[in-house]
Amino acid sequence: MRKMITFQEALDTILNNTPTIREEEPVELKDALMRVLSQDIYSNLNIPPFSNSAMDGYAIRSIDTIEANEDAPVKLKIVEHIKAGQVPKKKIGYMEAARIMTGAYIPEGADTVVMQEMTERKDGYVEIRSPVEVGMHIRREGEYIKKGDLCLKKGKLITPPDMALIATIGLNSMPVYRKPVIAILATGDELLMPGEKYVEGKIYNANTYSLLGQIILSGGVPLNLGIARDEVEDVKDKLYRALKSADIVLTSGGVSVGDYDIVQDVFRDVGVSILFWKIKMKPGKPVVFGVYQDKLVFGVPGNPVSSMIVFHELIRPALKKMLSGGLTKLPEIEAVLEEDIYGDGDRLTFVRLLIKRDEEGFKAISAGKQDSAVVSSMSLANALTYVPIGRKVIKKGEKIKVEILDWSFL
Numbered sequence: 173m174r175k176m177i178t179f180q181e182a183l184d185t186i187l188n189n190t191p192t193i194r195e196e197e198p199v200e201l202k203d204a205l206m207r208v209l210s211q212d213i214y215s216n217l218n219i220p221p222f223s224n225s226a227m228d229g230y231a232i233r234s235i236d237t238i239e240a241n242e243d244a245p246v247k248l249k250i251v252e253h254i255k256a257g258q259v260p261k262k263k264i265g266y267m268e269a270a271r272i273m274t275g276a277y278i279p280e281g282a283d284t285v286v287m288q289e290m291t292e293r294k295d296g297y298v299e300i301r302s303p304v305e306v307g308m309h310i311r312r313e314g315e316y317i318k319k320g321d322l323c324l325k326k327g328k329l330i331t332p333p334d335m336a337l338i339a340t341i342g343l344n345s346m347p348v349y350r351k352p353v354i355a356i357l358a359t360g361d362e363l364l365m366p367g368e369k370y371v372e373g374k375i376y377n378a379n380t381y382s383l384l385g386q387i388i389l390s391g392g393v394p395l396n397l398g399i400a401r402d403e404v405e406d407v408k409d410k411l412y413r414a415l416k417s418a419d420i421v422l423t424s425g426g427v428s429v430g431d432y433d434i435v436q437d438v439f440r441d442v443g444v445s446i447l448f449w450k451i452k453m454k455p456g457k458p459v460v461f462g463v464y465q466d467k468l469v470f471g472v473p474g475n476p477v478s479s480m481i482v483f484h485e486l487i488r489p490a491l492k493k494m495l496s497g498g499l500t501k502l503p504e505i506e507a508v509l510e511e512d513i514y515g516d517g518d519r520l521t522f523v524r525l526l527i528k529r530d531e532e533g534f535k536a537i538s539a540g541k542q543d544s545a546v547v548s549s550m551s552l553a554n555a556l557t558y559v560p561i562g563r564k565v566i567k568k569g570e571k572i573k574v575e576i577l578d579w580s581f582l
């Protein structure tokens, strides 16, 4: 029997065997959120594409206002009204002005814009009572981005501001890496699908749905293979299907030491090379990990909190590496414990926490019962911490590092 490995050894083994997806596909801008760019994005035009007004006001020649004062305002004839999207038809000449709206094209001859609040309009003229400097309230062509500038780098995760930037330079599609496909297979004769009539002695399949949500939240595409019964051939048939279609295969349940925990044997039967079984972590000890060609195969525990924490701490990093070639570490903060929390002593123990903030900083309390079957405390939690091997308690008042759960931002 192989020895139980540490959490860090498990994570290193997983990441060292995780390939990076390099297949590309085009995506429309409306669907680009949270996709990863597979090529650099350059601008084909200047931004702004033309010099335009940053204010509602008047486009004028600054030289015409040099002698303006409260007692003797200058009067400029309004020769045109320019709205956003309209190209000016007239050149601004001596003692002339154009009424201009925010975002509108600066007319030829004008070198500054005076805000309408600083003017008074009378009988087709605008009065200005103080000198106006050159270049006021004008956004110059190419001031923000020059034609040919690099806007977004290959490997960038596309965010809402990135979508705005891409739209600004006129692109409606871009090349991205395809998303990893993650197959989910629940195992166990005891499982019912949500919506089915309850049967005595059965439980509803929760793991498929928590894993499905975590996969989507992490940028993957879930492939739900339903439930396999505790029969070798049923598990094997569904596993073959998963290995044909997915980049990562997750089975839940059937990985411990019970009479019907058959998943590890089936992995071997279909050709999975098993790299470890069992980790010094709680919850999540009976994890099986292996590789099949360039695919990752995980057997995660049947207890729902165990499967969620295993995904969050071990599978999510692999999915992120597969997607972008890099790791996306979730934010950590420092918090003060407001109650004791407990560990196993012999295993790295993850503790579900509820983090709150007051004027003194972040405070942490237990999110509730820490049993691996208690989903309610995982639902309430917004963070995780861990009690290291060798400790059984972290005392109230101690400062701890806390990892924010990614769904707590929703």
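In the working numbering, the protein residues as written are 173 to 582.
C-beta: ideal position from N, C-alpha, C; glycine also.
The model shown is predicted, which means the values in this text are computed figures rather than measured ones.
A Cβ-Cβ separation of about 7 Å places A269 in contact with A231 under the 8 Å criterion.
In the structure shown, the three-state DSSP call for Y412 is helix. Taking a 10 Å sphere around the C-beta of G367, we find fewer than 16 other C-beta atoms and assign the residue as exposed. Relative to the Cα of R413, the nearest Cα in the group I354, K374, D437, I451 belongs to I354. Under the three-state reduction of DSSP, F222 is assigned to coil, being neither helix nor strand. Looking from the CA of G517, the closest CA among S417, P332, Y558 belongs to Y558. For F461, the enclosing beta strand (DSSP E) stretches over residues 460-464. Within the stretch 493-548, complete beta strand (DSSP E) segments of at least 3 residues are found at 504-509, 520-530, 533-538, given in chain order. In this model, I341 and E200 are separated by some 14 Å (Cα to Cα). In this structure the stretch 244-251 does not lie against the stretch 330-349, because fewer than three pairs of beta carbons, one per stretch, are closer than 8 Å. Here DSSP, grouped into helix, strand and coil, assigns K319 to coil. The shortest CA-to-CA distance from E181 to any of E531, M453, L502 is the one to M453. Taking one beta carbon from each stretch, the stretch 255-269 and the stretch 201-214 have fewer than 3 pairs nearer than 8 Å; the two do not touch. Taking a contact as a CB-CB distance under 8 Å, the pair G281 and R233 counts as one, their CB atoms being some 6 Å apart. The criterion of a C-beta distance shorter than 8 Å is satisfied by S424 and N379. For A490, the CB contacts under 8 Å within the same chain, skipping 5 residues up- and downstream, are I186, L187, T190, I420, L468 in chain order.
Residues M273, T274, Q288 of the same chain have their beta carbon placed closer than 6 Å to that of D228, with the five preceding and five following residues left out of the count. In the three-state scheme derived from DSSP, where H, G and I count as helix and E and B as strand, P260 is classed as coil. Residue environment analysis places I254 among the buried positions, since at least 16 neighbouring C-beta atoms fall within 10 angstroms of its C-beta. In the DSSP assignment, H253 is bridged to R271.
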